[in-house]
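What follows is one structure encoded as structure tokens, with my remarks underneath.
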Amino acid sequence: MSMQPRPWPEPTPEVAAAVRAIYQGKRQVPLPVRVRDELGEVFADEVFAAAFGREGRPGWSPGRLALITVLQRVDNLTDRQAAEAVATDLTWKYALGLDLNDPGFDASVLSEFRSRVIAHGLEERPLDLLLAALQERGLLQVGGKQRTDSTHVISAVRDLNRVELAGECVRAALEALAVAAPGWVQQVLEVPGWAERYGLRVDSWRMPTSKTKQEELARAYGADGYALVEAVYAPFSPTWLRHLPAIDTLRVMLIQHYVRTTDRRGRQVIKRRRDLTQGGEGLPPGRYRLTSPYDVDARWAAKGSELMWNGYKVHISETCHTPTDAQAATDSRHGIDGMNGVNGVNGVNGVNGTDRTPPNLITNVATTNATVPDVAMTSVIHHGLARRGLLPTEHYLDAGYASAELIVQARERHQLALITPLLTDNSVQARTRNGYDRAAFTIDWDNQQVTCPQGQTSTSWTPCRQRGTPLIVAAFPTSVCRPCPARALCTSAKHGGRHLTLRPRPIQKTLDAARAAQTSPAWRDTYKIRCGIEGTIHQAVAACGLRRARYPGIKKVHFEHVVSAIALNLIRLHAWWNGHPLDRTRTSHLARLEPALTA
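In terms of this note's numbering, the sequence shown is residues 137 to 735.
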């Protein structure tokens with residue numbers, strides 16, 4: 137497929153006239169029309185040129201396919217429904233600049249477009265283009281406040297237990313071989329026997345309830361898997377068969393779930409791996425363990441005791457405003473003219489009132505497998521925001537993203553303040569609130585000495601590392617601590633003196649300051665702004681179906697999340713352009729009567 141970048145055509149007069157006739161008066165202009173009027177050609181063709189060749193059958197405009205993909209997510213449509221909307225919906229034809237009699241395209245074009253974008257690493261480009269356009273229009277600026285949170289995403293594949301996983305991996309490998317090398321399969325394998333065992337998907341029949349029969353079935357799957365891999369790697373087999381993804385997945389599954397041993401008679405014995413706690417050989421950590429042959433990136437994870445899922449996590453960052461911030465943004469935008477509609481369909485200025493609070497807009501989306509902790513993504517998120525030139529001045533996060541090291545790193549690298557609660561001191565003295573915790577001691581960093589509440593000083597200062605983390609251990613002499621009248625408040629050790637574990641100087645100072653600040657009412661009042669991200673996640677789940685992935689593979693899932701972020705931004709911009717206020721919370725009908733009654 138080839139593509140020659142060219143500007144989008146303007147909406148045809150016939151389509152524009154029909155849309156104008158339908159949506160004149162008080163009827164609200166729909167989102168596709170408003171987006172075209174306000175943002176114009178937001179996704180230019182040349183940005184996607186690397187994913188398309190110069191020769192071959194001419195293809196559809198990739199820029200317009202990107203907009204179709206976003207509009208598809210706005211209405212949560214399937215590919216077939218989106219292709220039908222292109223052919224029949226006047227508002228979509230207006231946004232895409234299509235003729236009234238344009239037949240559209242086959243639904244498979246959307247799948248091919250997504251595959252090309254992902255294959256060439258262009259997943260982030262549509263969001264980059266939208267955010268750049270909004271920056272040009274003054275709706276996004278460097279600095280200000282942003283907030284981030286994550287939520288779980290369930291993979292698009294069926295959940296399998298260990299027995300089902302083993303059987304399905306063998307079946308998937310056989311299916312791949314039957315398609316890639318049917319002649320090899322007929323010559324090497326006893327097709328009727330294999331077809332009888334693996335002709336149907338594992339989830340299409342009932343698994344034995346007996347533990348003994350389940351174990352026998354698992355061993356049979358393991359034996360078949362080893363036999364199949366050995367046949368593929370045999371000297372008489374084509375070497376390219378070894379590189380089939382399904383074969384590689386089968387190999388990984390066998391390594392993770394089975395072991396081969398030799399009994400006393402020299403016979404090979406295949407058995408399943410058992411957990412180390414059961415005296416077995418051990419299983420790989422969850423972050424490496426396969427969960428399905430059809431999505432090798434999905435992982436099992438748990439959050440607390442109530443939530444367990446197989447899939448991914450998505451991290452969403454968005455701007456957030458307080459009334460003071462909104463007024464400052466309003467002042468900075470005065471004098472900026474609105475953008476008139478391309479064909480005058482809406483008849484109002486694009487910004488539609490620069491004295492209103494701007495919408496909260498999503499600025500970054502990151503996707504990981506389910507086992508990656510939030511704290512590992514903080515620096516990654518900052519890098520993504522820095523790449524777009526949208527780093528905030530204050531970044532609001534929950535405790536899962538935070539550490540004293542990250543607070544120092546964000547301040548030094550990005551001049552960015554992380555507003556987040558840190559884990560409190562978990563020492564015995566701090567937990568019981570009846571003793572001398574770390575805050576009760578005075579640290580003299582220059583002289584490498586610590587003074588206790590009783591006025592005694594430490595006699596040793598020892599830098600060390602624990603699990604790769606640099607620490608400092610300050611120790612008080614036994615001769616001082618043993619006769620101390622406050623010993624019971626200081627240490628529970630039966631022998632020796634008090635030991636105090638410290639972090640390096642900048643990290644320890646940051647940790648102490650953050651723990652002291654987060655106990656104040658003013659800090660808690662400021663931190664309230666973070667909770668608004670929960671509403672964004674709810675909107676993403678309700679409007680875009682973010683909770684369940686549509687496609688397997690982390691790259692496809694990430695592109696899905698990027699498109700969802702663009703769709704949410706357009707939904708919010710559409711409401712803002714039409715003068716709908718930013719609702720801070722739900723208001724009951726009874727509560728709405730109160731201002732009128734008290735006036």
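All C-beta atoms in this analysis are idealised placements derived from N, C-alpha and C, irrespective of residue type, glycine included.
The model shown is predicted, which means the values in this text are computed figures rather than measured ones.
Can you pull the DSSP bridge partners for residue i?
{"i": "Gly447", "result": "Ile290, Arg435"}
{"i": "Ala502", "result": "His451"}
{"i": "Cys600", "result": "Leu607"}
{"i": "His635", "result": "Ala611"}
{"i": "Lys407", "result": "Val395"}
{"i": "Leu554", "result": "His531"}
{"i": "Ile579", "result": "Val586"}
{"i": "Lys281", "result": "Cys456, Glu530"}
{"i": "Arg684", "result": "Ile290"}
{"i": "Thr593", "result": "Thr587"}
Could you tell me the distance, in whole angstroms, from the CA atom of residue i to the CA atom of residue j?
{"i": "Gly477", "j": "Gly240", "result": "At Gly477 the pLDDT is 45, less than 50, meaning the model places this residue with poor confidence; the figure from the coordinates comes in the next sentence. Going from the Cα of Gly477 to the Cα of Gly240 covers about 25 Å."}
{"i": "Arg397", "j": "Ser340", "result": "It should be pointed out that residue 397 corresponds to Thr in this sequence rather than to Arg. Cα to Cα, the separation comes out at about 32 Å."}
{"i": "Lys645", "j": "Val516", "result": "24 Å"}
{"i": "Ala154", "j": "Thr227", "result": "9 Å"}
{"i": "Val511", "j": "His393", "result": "30 Å"}
{"i": "Val245", "j": "Ala308", "result": "27 Å"}
{"i": "His550", "j": "Phe184", "result": "31 Å"}
{"i": "Gln164", "j": "Lys229", "result": "18 Å"}
{"i": "Leu419", "j": "Leu412", "result": "8 Å"}
{"i": "His710", "j": "Thr284", "result": "23 Å"}
{"i": "Val327", "j": "Arg425", "result": "30 Å"}
{"i": "Gly689", "j": "Lys407", "result": "30 Å"}
{"i": "Ala367", "j": "Leu313", "result": "11 Å"}
{"i": "Lys664", "j": "Ala653", "result": "15 Å"}
{"i": "Trp659", "j": "Glu351", "result": "57 Å"}
{"i": "Ala685", "j": "Lys439", "result": "19 Å"}
{"i": "Ala382", "j": "Asp242", "result": "29 Å"}
{"i": "Arg342", "j": "Val388", "result": "26 Å"}
{"i": "Val324", "j": "Arg378", "result": "15 Å"}
{"i": "His725", "j": "His716", "result": "18 Å"}
Quick check: residue i and residue j, are their CB atoms within less than 8 Å of each other?
{"i": "Phe179", "j": "Leu275", "result": "no"}
{"i": "Leu554", "j": "Ala546", "result": "yes"}
{"i": "Leu258", "j": "Ala187", "result": "yes"}
{"i": "Gly632", "j": "Thr655", "result": "no"}
{"i": "Arg435", "j": "Gly422", "result": "yes"}
{"i": "Ile579", "j": "Ala650", "result": "no"}
{"i": "Pro141", "j": "Glu177", "result": "no"}
{"i": "Gly233", "j": "Glu146", "result": "yes"}
{"i": "Thr321", "j": "Leu386", "result": "Residue 321 is actually Val in this sequence, not Thr. For Val321 and Leu386, no; Cβs fall outside 8 Å."}
{"i": "Thr507", "j": "Tyr537", "result": "no"}
{"i": "Val278", "j": "Leu526", "result": "yes"}
{"i": "Ala316", "j": "Leu390", "result": "no"}
{"i": "Tyr698", "j": "Glu260", "result": "Before going further, note that residue 698 is Val rather than Tyr in the sequence given. For Val698 and Glu260, yes; Cβs fall inside 8 Å."}
{"i": "Ala540", "j": "Arg639", "result": "yes"}
{"i": "Arg641", "j": "Trp581", "result": "yes"}
{"i": "Leu310", "j": "Trp330", "result": "yes"}
{"i": "Leu552", "j": "Pro528", "result": "yes"}
Just tell me which of the options has its CA closest to the CA of residue i.
{"i": "Ala302", "options": "Ile665, Arg409, Gly329", "result": "Arg409"}
{"i": "His531", "options": "Gln282, His697, Gly604", "result": "Gln282"}
{"i": "Val151", "options": "Ile204, Lys162, Leu167, Asp225", "result": "Asp225"}
{"i": "Ile204", "options": "Gly195, Asp238, Pro168", "result": "Pro168"}
{"i": "Ser594", "options": "Asn583, Arg601, Ala506, Thr214", "result": "Asn583"}
{"i": "Leu263", "options": "Tyr537, Asn500, Leu526", "result": "Asn500"}
{"i": "Gly280", "options": "Thr455, Tyr687, Thr514, Pro381", "result": "Thr455"}
{"i": "Ile452", "options": "Tyr687, Leu497, Thr427, Lys439", "result": "Leu497"}
{"i": "Gln585", "options": "Thr637, Gln602, Leu726, Pro606", "result": "Thr637"}
{"i": "Arg273", "options": "Gly358, Ile669, Pro494", "result": "Pro494"}
{"i": "Thr427", "options": "Glu442, Glu417, Asn446", "result": "Asn446"}
{"i": "Gly358", "options": "Ala535, Glu417, Arg298, Thr504", "result": "Arg298"}
{"i": "Pro619", "options": "Trp330, Gln592, Asp561", "result": "Gln592"}
{"i": "Gly199", "options": "Arg252, Asp211, Tyr159, Val210", "result": "Arg252"}
{"i": "Gln590", "options": "Arg634, Leu559, Arg603", "result": "Arg634"}
{"i": "Lys162", "options": "Asn714, Leu729, Thr723, Cys600", "result": "Asn714"}
{"i": "Ala268", "options": "Ile643, His457, Arg523, Ser197", "result": "Arg523"}
{"i": "Val450", "options": "Gln208, Asn505, Ala611", "result": "Asn505"}
{"i": "Thr560", "options": "Leu647, Thr587, Ile608, Lys630", "result": "Leu647"}
{"i": "Asp215", "options": "Gly189, Phe249, Gly195", "result": "Phe249"}
{"i": "Val616", "options": "Pro606, Thr605, Thr587, Leu607", "result": "Thr587"}
Should the segment 622 to 633 be regarded as contacting the segment 570 to 578, the criterion being three or more beta carbon pairs within less than 8 Å? yes
Quick one: any contact between the segment 701 to 718 and the segment 670 to 689, if contact means 3 or more CB pairs under 8 Å? yes
Looking at C-beta atoms only, is the number of pairs between the segment 364 to 375 and the segment 334 to 354 that lie closer than 8 Å three or more? With a cut-off of 8 Å, the segment 334 to 354 and the segment 364 to 375 do not count as touching, because too few Cβ pairs lie within range.
Counting Cβ pairs closer than 8 Å, one from the segment 206 to 224 and one from the segment 276 to 293, do we hit at least three? no
Touch check for the segment 685 to 698 and the segment 427 to 442: three-plus C-beta pairs under 8 Å? Enough Cβ pairs lie closer than 8 Å, so yes.
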